[in-house]
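Novice:
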Amino acid sequence: MLGAPRGEGAGTGAGAPSELRVRVRLPDGQVTEESLQADSDADSISLELRKPDGTLISFTADFKKVTFCTCKQFCFGKLSSSSLCEFSRRLWNIWGMFFLLSHRFKRERENFPCRQEGGIYCRAASRPVSSAGSELSTGWAGEEAPPPLAGSHSSALLHQDVKIFRALILGELEKGQSQLQALCFATRLHHNEIIPSEAMAKLRQKNPRAVRQAEEVRGLEQMHMDVTVNFSQGGLLSPHLRNVCAEAADAIYTRQEDVRFWLEQGVDSFVFEALPKASEQMLLPRCGQVGDRGKPCVCRYGLSLAWYPCMLKYCHGRDRPTPYKCGIRSCQKSYSFDFYVPQRQLCLWDEDP
1 MLGAPRGEGA GTGAGAPSEL RVRVRLPDGQ VTEESLQADS DADSISLELR
51 KPDGTLISFT ADFKKVTFCT CKQFCFGKLS SSSLCEFSRR LWNIWGMFFL
101 LSHRFKRERE NFPCRQEGGI YCRAASRPVS SAGSELSTGW AGEEAPPPLA
151 GSHSSALLHQ DVKIFRALIL GELEKGQSQL QALCFATRLH HNEIIPSEAM
201 AKLRQKNPRA VRQAEEVRGL EQMHMDVTVN FSQGGLLSPH LRNVCAEAAD
251 AIYTRQEDVR FWLEQGVDSF VFEALPKASE QMLLPRCGQV GDRGKPCVCR
301 YGLSLAWYPC MLKYCHGRDR PTPYKCGIRS CQKSYSFDFY VPQRQLCLWD
351 EDP
C-alpha cells in the first residue's frame, strides 16, 4: 500500500519536486507503469503513463495562484463616450504587444509592480465614463507585461485552476498516418478532483512491486471542445501548457464554459480562438463516417487515468482531538473529447460508425 502523507519536512527538501512510480492495472486488464510527480512550490501535479499501443498519456493539474494587478489608467484627452475609452484601451494593448517584442523590456521588467513567481497580470475591467478625464481600468495580461504608463494599481490573488491532458499518438504507417500526432485538452480544474500537491509530494510507496487498482471508478466525462488555445499565448493560462503541449501547438482544445471562468479570473481573451459554432459543428458528421480524408468532421478521442490519488483519508484516534490524515483514496477516471478538425486525416484513429 501507499503510506499516508508524512508530516512537514519529511522526504525530500521542502518544495523540491518528488516522483512516485507505481504499477497500475489499465481498464482492459493490462499492467503498465505510471509516473506521478508533485511540485509543491509550483503547486502542480503531473501524471504520465504509456498505453500498450505506445500512446503516451499525460495529465497536469495546475493549482497555481496568480496575482492580478488592476492598473488604473487615464484615457487620453476629454472623453464623451465609452467608445473612446475602449479605443485607448486597445491602443494601450497594441503598445504593450510592441513593447513585449522589444529587447528593452528585459532591462525594465523588474520595475513593474506586483511581479511574482507566477508572472504579472493586469485584469481588464470597465468603468463609467464621464465627459471629463475619467478613469478606465485597463491593462495587459501576461507573464511579461509592460510597465504602466501612469496611475496606480491594486492587486488580488486569484485561482486559474487548469488541468491539461496530452496524448502522443503513434500513427500506423500502413494506414497512411503520420509517425506521431499530438493532442492537448485544457479544462478547468476542480479542487475535489485530486489531492493537493503538498500531500502528493509526501506520498511514499511501501511495496513498489504491487499492482495498483483504483478503489473508485468515477463516471465517464464527455466534453465538447469548441475553442482552441493560442499556443504562443498559452503561458498566460498555465505556465505548464507551453512545455506539455509543445508537440500539439495547433491542436490545443478547450470549452466555452471553461473560457468564461478563466476570463472572470483575468485571463485575456486573445489566449483563445473560436472554432466553428456548435450549431455548425452539429451539421458535420463524425470522422468515422467520412471517407474523404480532406473533409472537415467532428473527431472523438478518449483516454483514461487508470489510477491517481483523488481524496485524502482521515482517521480518528483516542489520543487525538481532531481527525488526522492517514492515507489516500485512489480513483480511475475516463474522458471523451469531441472536437472539430478541418480534415479527416487528422483523426484517423476514429473509425467508429
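Numbering (the UniProt record's numbering), first residue to last: 1 to 353.
Just so you know, even glycine gets a beta-carbon here, dropped at the ideal spot from N, CA and C.
(1) With H, G and I counted as helix, E and B as strand and the rest as coil, what does DSSP make of phenylalanine 231?
(2) Among residues of its own chain, excluding the 5 on either side of glutamine 213, which ones have a beta-carbon nearer than 6 Å to its beta-carbon?
(3) Taking Cβ positions, are isoleucine 164 and cysteine 310 nearer each other than 8 Å?
(4) Is the beta carbon of methionine 229 sitting closer than 8 Å to the one on phenylalanine 272?
(5) Within 10 angstroms of its Cβ, does tyrosine 301 collect 16 or more other Cβ (buried), or is it exposed?
(6) Give the DSSP-derived three-state secondary structure of phenylalanine 339 in the structure shown.
(7) Is there contact between the region 216 to 225 and the region 335 to 349, where contact requires at least three CB pairs shorter than 8 Å?
(8) Classify aspartate 28: buried if its beta carbon has 16 or more other beta carbons within 10 angstroms, exposed otherwise.
(9) Run through the region 155 to 216 for me and flag every whole beta strand (DSSP E) of 3 or more residues, listed as ranges in chain order.
(10) For the beta strand (DSSP E) containing glutamate 257, list its first residue and its last residue.
(11) Near glutamine 345, what residues of its chain come up, given a Cβ to Cβ distance below 6 Å and the 5 sequence neighbours on each side ignored?
(12) What is the DSSP secondary structure of glycine 219, reduced to helix, strand or coil?
(13) Looking at the structure shown, is glycine 288 part of a helix, part of a strand, or coil, going by DSSP?
(14) Please classify glutamine 332: is it buried, with 16 or more other beta-carbons within 10 angstroms of its beta-carbon, or exposed?
(15) Taking the DSSP output, what are the residues bridged to phenylalanine 59?
(16) Excluding the five sequence neighbours on either side, which residues of its own chain have a C-beta within less than 8 Å of the C-beta of glycine 317, listed in chain order?
(17) When DSSP builds the beta bridges, which residues end up paired with glutamate 19?
(18) Tell me, which residues are paired with arginine 320 by DSSP?
(19) Taking all protein chains shown into account, decide if serine 44 is buried (16 or more other Cβ within 10 angstroms of its Cβ) or exposed.
(20) Taking the straight line between their C-alpha atoms, what separation do you get for aspartate 350 and arginine 255?
Specialist: In short:
(1) Taking the first residue of the sequence shown as 1, we reach residue 231 at position 231. In the structure shown, phenylalanine 231 sits in a helix (DSSP, three-state: H, G or I).
(2) Here residue 213 corresponds to residue number 213 of the sequence shown, with the count starting at 1. Answer for glutamine 213: Arg25, listed in chain order.
(3) Sequence index remark: in the sequence shown, residue 164 carries index 164 (1-based). Sequence index remark: in the sequence shown, residue 310 carries index 310 (1-based). With respect to the 8 Å criterion, isoleucine 164 and cysteine 310 are not classified as neighbours on the basis of their beta carbons.
(4) Here residue 229 refers to the residue found at position 229 of the sequence shown. Here residue 272 refers to the residue found at position 272 of the sequence shown. Before going on, a small fix: residue 229 reads as valine here, not methionine. Yes. Within cutoff.
(5) By one-based count along the sequence shown, residue 301 stands at place 301. So tyrosine 301 counts as buried.
(6) Your numbering for residue 339 matches position 339 in the sequence shown. Looking at phenylalanine 339 - three-state DSSP - the assignment turns out to be strand.
(7) With a cut-off of 8 Å, the region 335 to 349 and the region 216 to 225 count as touching, because enough Cβ pairs lie within range.
(8) Start at 1 with the first residue of the sequence shown, and residue 28 comes out as number 28. Counting Cβ neighbours within 10 Å, aspartate 28 comes out exposed, since fewer than 16 surround it.
(9) The region 155 to 216 contains these whole beta strand (DSSP E) runs: 162 to 170 and 180 to 188.
(10) Working through the sequence shown from its first residue, we reach residue 257 at position 257. Run containing glutamate 257: none in the beta strand (DSSP E); it sits in the alpha helix (DSSP H), 256 to 264.
(11) Within the sequence shown, residue 345 is the residue found at index 345, counting from 1. Once the five neighbours on either side are set aside, the close Cβ partners of glutamine 345 are Arg293.
(12) Taking the first residue of the sequence shown as 1, we reach residue 219 at position 219. Strand at glycine 219.
(13) On the sequence shown, position 288 is the one that residue 288 refers to. The answer is helix: DSSP assigns glycine 288 an H, G or I state.
(14) The residue given as residue 332 occupies position 332 in the sequence shown. So glutamine 332 ends up on the buried side.
(15) Walking along the sequence shown from the start, residue 59 turns up at place 59. In DSSP, phenylalanine 59 forms a bridge with Leu47 and Phe165.
(16) What you label residue 317 is simply residue 317 of the sequence shown in a count that begins at 1. The answer, listed in chain order, is Tyr324.
(17) In the sequence shown, counting from the first residue as 1, residue 19 sits at position 19. Bridge partners of glutamate 19: Gln37.
(18) The sequence position of residue 320 within the sequence shown is 320, counting from 1. Paired residue(s): none; arginine 320 is not in a bridge.
(19) Here residue 44 refers to the residue found at position 44 of the sequence shown. Classification of serine 44: buried, given that the 10 Å Cβ count is 16 or more.
(20) Position 350 of the sequence shown, counting from 1, holds the residue named residue 350. Position 255 of the sequence shown, counting from 1, holds the residue named residue 255. Computed Cα separation, rounded: 21 Å.
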